[in-house]
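Worksheet for the structure shown next.
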Amino acid sequence: MVSEQDLAAVAAQLGREPRGTRAVAHRCPCGNPDVVETSPRLPDGTPFPTTFYLTCPKATAGASSLESEGLMKDQQARLAEDPELAARYQKAHQDYLDRREAIEHVAEIAGISAGGMPERVKCLHVHLGHALAAGPGVNPFGDEVRERLGDWWASGPCVTPGPAASDVPHAAPATGATDPAHIAADERYRHGPA
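Its first residue numbered 2, the sequence shown is counted upward by one per residue in the working numbering.
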């Protein structure tokens with residue numbers, strides 16, 4: 002069960018009402034949720050493989066910046082060259098599947114984790130969300146993103162929960178991103194199903 006205060010914070014972070022939110026999977030040191038656990042099947046029946054959805058706009062902007070700087074391409078190259086890293090990434094994939102399956106079996110997404118796992122690196126937001134929810138040592142690329150971002154919360158909370166996003170039709174949190182490519186990536190991520 003997710004509290005009304007946490008749902009309001011997530012709505013403010015996303016700029017819309019969250020969908021399929023089951024729990025707060027990780028809480029930022031500022032006190033707000035920064036990762037939510039999402040149902041593998043959304044209320045409208047749509048299968049949704051992203052179990053751990055990054056909601057904090059500061060962390061989202063940071064992950065988008067790392068993506069635009071080429072970190073995914075670098076990680077993909079290391080994945081192809083390092084069998085030990087590939088084995089750890091395979092374990093992260095299995096951990097993701099196991100955690101989602103423990104919530105609910107959804108045949109349409111069985112065997113599909115998120116973020117390109119286990120063979121590709123596709124979305125740093127997914128990897129960071131998984132790393133925060135599962136803890137250090139589970140997702141090597143998520144741990145790397147977490148380390149590179151530093152203390153994104155140090156300047157204060159990303160949002161102050163107020164009215165639900167549905168009560169503020171054009172609510173949109175500040176992401177801190179100024180580069181149009183980062184802003185576009187943040188918008189695409191933020192308007193996903195969580």
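Glycine included, every Cβ here is placed at the ideal spot set by N, Cα and C. Fair warning: this is a prediction, and the values are worked out from it, not measured in the lab.
Anticipated Cβ contact below 8 Å, residue i with residue j, distance rounded
i      : j      : result
Ser198 : Arg23  : Examination of residue 198 is not possible in this model, given that the chain is present from 2 through 195 alone.
Val146 : Ala64  : 6 Å
Glu38  : Thr51  : So it is not a contact: roughly 10 Å between Cβ atoms.
Asp99  : Ala135 : No, Asp99 and Ala135 are not in contact; Cβ-Cβ is about 10 Å, not under 8 Å.
Val127 : Gly116 : 3 Å
Ala44  : Gly21  : The displayed chain sequence assigns Pro, not Ala, to residue 44. Yes, they are in contact, since the Cβ atoms of Pro44 and Gly21 sit about 6 Å apart, within 8 Å.
Where residue i falls: helix, strand or coil (DSSP)
i      : result
Leu86  : helix
Leu150 : helix
Glu105 : coil
Residue i, buried or exposed, once every other Cβ within 10 Å from all chains shown has been counted against 16
i      : result
Thr198 : The structure shown has nothing for residue 198, since the chain only spans 2 to 195.
Gly130 : buried
Gln14  : buried
Met2   : exposed
Ala81  : exposed
Asp35  : buried
Ser114 : buried
Ala88  : exposed
Gln76  : buried
Asp144 : buried
Asp7   : buried
DSSP beta-bridge partners of residue i
i      : result
Val36  : His27 and Leu55
Pro158 : For Pro158, which the question treats as bridged, DSSP gives no partner whatsoever.
Thr22  : Thr39
Pro48  : Arg42
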